[in-house]
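A.B. asks: Starting off with a structure, shown below.
Number of protein chains: 2
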Amino acid sequence: MIRVLLADDENLVRSAFAALLGLEDDLEVVAQASSGAEALAMARAHTPDVAVLDLQMPDRDGISVAGELTTLLPGCGLVIVTGHGRPGHLKRALEAGVRGFLPKTVSAAVLSDVVRTVHRGGRYVDPELAAEAISAGDSPLTPREADVLELAAGGAPVEEIAVRAHLSPGTVRNHLSAASAKLGAPNRHAAVDTARRHGWI
Amino acid sequence: MIRVLLADDENLVRSAFAALLGLEDDLEVVAQASSGAEALAMARAHTPDVAVLDLQMPDRDGISVAGELTTLLPGCGLVIVTGHGRPGHLKRALEAGVRGFLPKTVSAAVLSDVVRTVHRGGRYVDPELAAEAISAGDSPLTPREADVLELAAGGAPVEEIAVRAHLSPGTVRNHLSAASAKLGAPNRHAAVDTARRHGWI
DNA sequence: CACCACCCATGACACGTGTCACCGCCCGTC
DNA sequence: GACGGGCGGTGACACGTGTCATGGGTGGTG
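Put into structure tokens, the structure is as follows:
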């Protein structure tokens, strides 16, 4: 019997996944969590064999939860499930020790199979996502450029970004200009869009 | 026995919902679709009692599908399920004849209850969403302003928006300026953000 | 050590943008 | 018919932004 921990902030989806996994004879959902913090607490309490984590959760990223779980429960298999799979996320997830990564668009049979595969010590990455990740490659942005671009995401004027990043407005514009150029975007707003699509911010 | 149609582009979620509803004795999932067009075709073929539609689908909005279904199958109950519930969507959905509207954050028991309620001719709207919708009110934007703002969403320069909307650049700027003022935003990018959050575009 | 990449900053210029005043057109309402 | 509101357009001005050249500081690498 494989003991599974489920974490997803959307209660309806999480319960539905539980129902789906419950149909399998060799799987048992032993704990559920609706946030990253709760997931860690549940993991400590129930020591599951495999943790299935949603990428987007209100308090913290599923990937950061995964990173902590690798040290907390080294034997626990980690699977990330996500709505919109961005290449950058996949890379970060694998670095965090995640061994299963799949978008919610895959068919139902895949999920339970992946849980079994990961439990056996194997890996599974959605082929389409893997292809995208390889073609997209690493982020061309320097850490500071990514920071500034992140702050520019809400459509804030340069002056405000400068204050929030403790930089001079001129430097902010330089970083944004460099980022836009690297991303082939005509302006920072399109650059934000591109960076988001690739999971670089 | 209540015959249910399920439509959601995320196969995993849709199958999971099917498993969840399948646990109920009085519910039967008779058809599934992964796009708006497919949902309509399935509805024609299976004439379900209740249709459960995801708000976001690749080809078309769940609300527009609902609007078409009201004329196609007047007796069919309509339920919209959504990840991020925006007030504007709720209003548009109700106008389209939808009688159930709930975010994916609700607990599992709610979904099957709502299906039953809607089948009986009743209504269900998530209380939190309803409160937001009332406080948010109607869109202050004129149709044209909403159009132009929509085109500005990708971060495109004014010149490009003008071409795509068949307008002069000056007019585009006037519309954007008016929209930003109405939304209390310092620039169009923040205005896009605000309008999106309210479901006005 | 020299070199290079990154970081922060300044100043200057050209261009995109936000704002305003003002124009005409159409359409529905009082 | 007068009025008001949405729509499309023009022109002008101020400001925000994108871009470039330039320079200084840091830390790691050959």
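Note that the protein sequences, when read in sequence, are chains F and U.
In short: position in the first sequence from 1, add 26, done, that's the working numbering.
In short: position in the second sequence from 1, add 26, done, that's the working numbering.
Cβ atoms here follow ideal geometry from the backbone N, Cα and C, with glycine treated the same way.
Predicted model only: the values in this text are computed from it and were never measured.
(1) Please compile the residues from chain F whose C-beta is within a distance smaller than 9 Å of the C-beta of S138 (chain U).
(2) Can you give the Cα-Cα distance for L137 (chain F) and L38 (chain U), rounded to whole angstroms?
(3) Can you round the beta-carbon distance between P129 (chain F) and L155 (chain F) to whole angstroms, since I take them to be within the 8 Å contact cut?
(4) Less than 7 Å between C-beta atoms, sequence neighbours within five positions excluded: which residues of the same chain meet that for P195 (chain U)?
(5) S133 (chain U): buried (16+ other C-beta within 10 angstroms of its C-beta) or exposed?
(6) Please name the residue, chosen from U:H192, U:H224 and U:R170, that lies closest to L202 (chain U) on a Cα-to-Cα basis.
(7) Any idea what DSSP makes of D80 (chain U), helix, strand or coil?
(8) Quick one: list the residues of chain U neighbouring H215 (chain F), beta-carbon separation under 7 Å, in chain order.
(9) Counting beta carbon pairs with one atom in the stretch 210-218 of chain F and one in the stretch 104-122 of chain F, are three or more of them shorter than 8 Å?
(10) So which residues on chain U does D35 (chain F) lean against when the C-beta distance must stay under 8 Å?
(11) Helix, strand or coil: how does DSSP classify R222 (chain F) here?
(12) Taking G103 (chain U) as part of the beta strand (DSSP E), name the residues at either end of that continuous run.
(13) Assign T108 (chain U) to one of two classes, buried (16 or more other C-beta atoms within 10 Å of its C-beta) or exposed (fewer than that).
(14) Pick helix, strand or coil for P74 (chain F), following the three-state DSSP scheme.
(15) By alpha-carbon positions, which one of F:E158, F:R125, F:P153 and F:L175 ends up nearest to G147 (chain F)?
(16) Quick one: does S41 (chain U) have its CB under 8 Å from some CB of chain F?
(17) At which residues does the alpha helix (DSSP H) containing P129 (chain F) begin and terminate?
(18) Please confirm whether G62 (chain F) has its beta-carbon closer than 8 Å to some beta-carbon of chain U.
(19) I'd like to confirm the pairing. Which residues does DSSP put opposite E54 (chain F) in its beta bridges?
(20) I need the straight-line Cα distance from F127 (chain F) to D139 (chain F), nearest angstrom please.
(21) Here's a check: name, in chain order, each residue in its chain whose Cβ is nearer than 7 Å to the Cβ of K117 (chain U), leaving out the five neighbours to either side.
(22) For A59 (chain U), list the residues DSSP reports as bridge partners.
(23) Check the Cβ-Cβ distances between L46 (chain F) and every residue of chain U, and say whether any is below 8 Å.
(24) For A228 (chain U), decide whether its Cβ has a neighbour in chain F, counting only Cβ atoms nearer than 8 Å.
(25) Round the Cβ separation of R40 (chain F) and S60 (chain F) to the nearest angstrom and send it over; I've been treating them as touching at under 8 Å.
C.D. replies: Considering the structure as presented:
(1) Taking the first residue of the second sequence as 1, we reach residue 138 (chain U) at position 112. At a beta-carbon threshold of 9 Å, none of the residues of chain F lie near S138 (chain U); the nearest stands roughly 11 Å away.
(2) Taking the first sequence and counting its residues from 1, one reaches residue 137 (chain F) at position 111. Taking the second sequence and counting its residues from 1, one reaches residue 38 (chain U) at position 12. Straight-line Cα distance between these residues: approximately 8 Å.
(3) Numbered from 1 along the first sequence, position 103 holds the residue referred to as residue 129 (chain F). Numbered from 1 along the first sequence, position 129 holds the residue referred to as residue 155 (chain F). L155 (chain F) and P129 (chain F) do touch by the CB rule: their CB atoms are close to 6 Å apart, below 8 Å.
(4) Your numbering for residue 195 (chain U) matches position 169 in the second sequence. The beta carbon of P195 (chain U) is closer than 7 Å to those of V184, E185 and A188 in its chain, skipping five residues each way along the sequence.
(5) Along the second sequence, one-based indexing puts residue 133 (chain U) at 107. Classification of S133 (chain U): exposed, given that the 10 Å Cβ count is below 16.
(6) Taking the first residue of the second sequence as position 1, residue 202 (chain U) is located at position 176. Residue U:R170 is the option with its Cα nearest to L202 (chain U).
(7) Numbered from its first residue, the second sequence carries residue 80 (chain U) at position 54. In the structure shown, D80 (chain U) sits in a strand (DSSP, three-state: E or B).
(8) For this step, residue 215 (chain F) is matched to residue 189 along the first sequence. Result: G181 and H215.
(9) Contact fails between the stretch 104-122 of chain F and the stretch 210-218 of chain F, because fewer than three Cβ pairs, one in each stretch, are under 8 Å apart.
(10) Position 9 of the first sequence, counted from the first residue, corresponds to residue 35 (chain F). Neighbours of D35 (chain F) on chain U, chain order: T131.
(11) On the first sequence, position 196 is the one that residue 222 (chain F) refers to. Here R222 (chain F) sits in helix by DSSP.
(12) Residue numbering aside, residue 103 (chain U) sits at position 77 when the second sequence is read from its first letter. Taken as a continuous stretch (DSSP letters only), the beta strand (DSSP E) holding G103 (chain U) covers G103 to T108.
(13) On the second sequence, residue 108 (chain U) is found 82 positions in, with the first residue counted as 1. T108 (chain U) counts as buried, since no fewer than 16 other beta carbons sit within 10 angstroms of its beta carbon.
(14) Your numbering for residue 74 (chain F) matches position 48 in the first sequence. Secondary structure at P74 (chain F): coil, using DSSP grouped into helix, strand and coil.
(15) Counted from its first residue, the first sequence places residue 147 (chain F) at position 121. Closest by alpha carbon: F:R125.
(16) Here the question's residue 41 (chain U) lines up with position 15 in the second sequence. Taking CB atoms only, S41 (chain U) has a neighbour in chain F less than 8 Å away.
(17) Within the first sequence, numbered from 1, the residue matching residue 129 (chain F) stands at position 103. Where P129 (chain F) is concerned, there is no enclosing alpha helix (DSSP H), although the beta strand (DSSP E) it sits in stretches over G126 to P129.
(18) The residue you call residue 62 (chain F) lines up with position 36 of the first sequence. Residue contact with chain U for G62 (chain F): absent (no Cβ-Cβ distance below 8 Å to any residue of chain U).
(19) Within the first sequence, numbered from 1, the residue matching residue 54 (chain F) stands at position 28. The partner list for E54 (chain F) (beta bridge, DSSP) reads F:R29.
(20) The count along the first sequence starts at 1 and reaches residue 127 (chain F) at position 101. The count along the first sequence starts at 1 and reaches residue 139 (chain F) at position 113. Each residue's Cα considered, the two are about 12 Å apart.
(21) Residue numbering aside, residue 117 (chain U) sits at position 91 when the second sequence is read from its first letter. Closer than 7 Å at Cβ, skipping near neighbours: A159.
(22) Translated into the one-based positions of the second sequence, residue 59 (chain U) becomes position 33. Looking at the DSSP output, A59 (chain U) shares a beta bridge with U:A33.
(23) The residue labelled residue 46 (chain F) in the question sits at position 20 within the first sequence. It does; some Cβ of chain U falls within 8 Å.
(24) No information on residue 228 (chain U) is available, as it lies outside the stretch 27 to 227 that chain U covers here.
(25) Working through the first sequence from its first residue, we reach residue 40 (chain F) at position 14. Working through the first sequence from its first residue, we reach residue 60 (chain F) at position 34. With 8 Å as the limit, R40 (chain F) and S60 (chain F) qualify as a contact, their Cβ atoms being about 7 Å apart.
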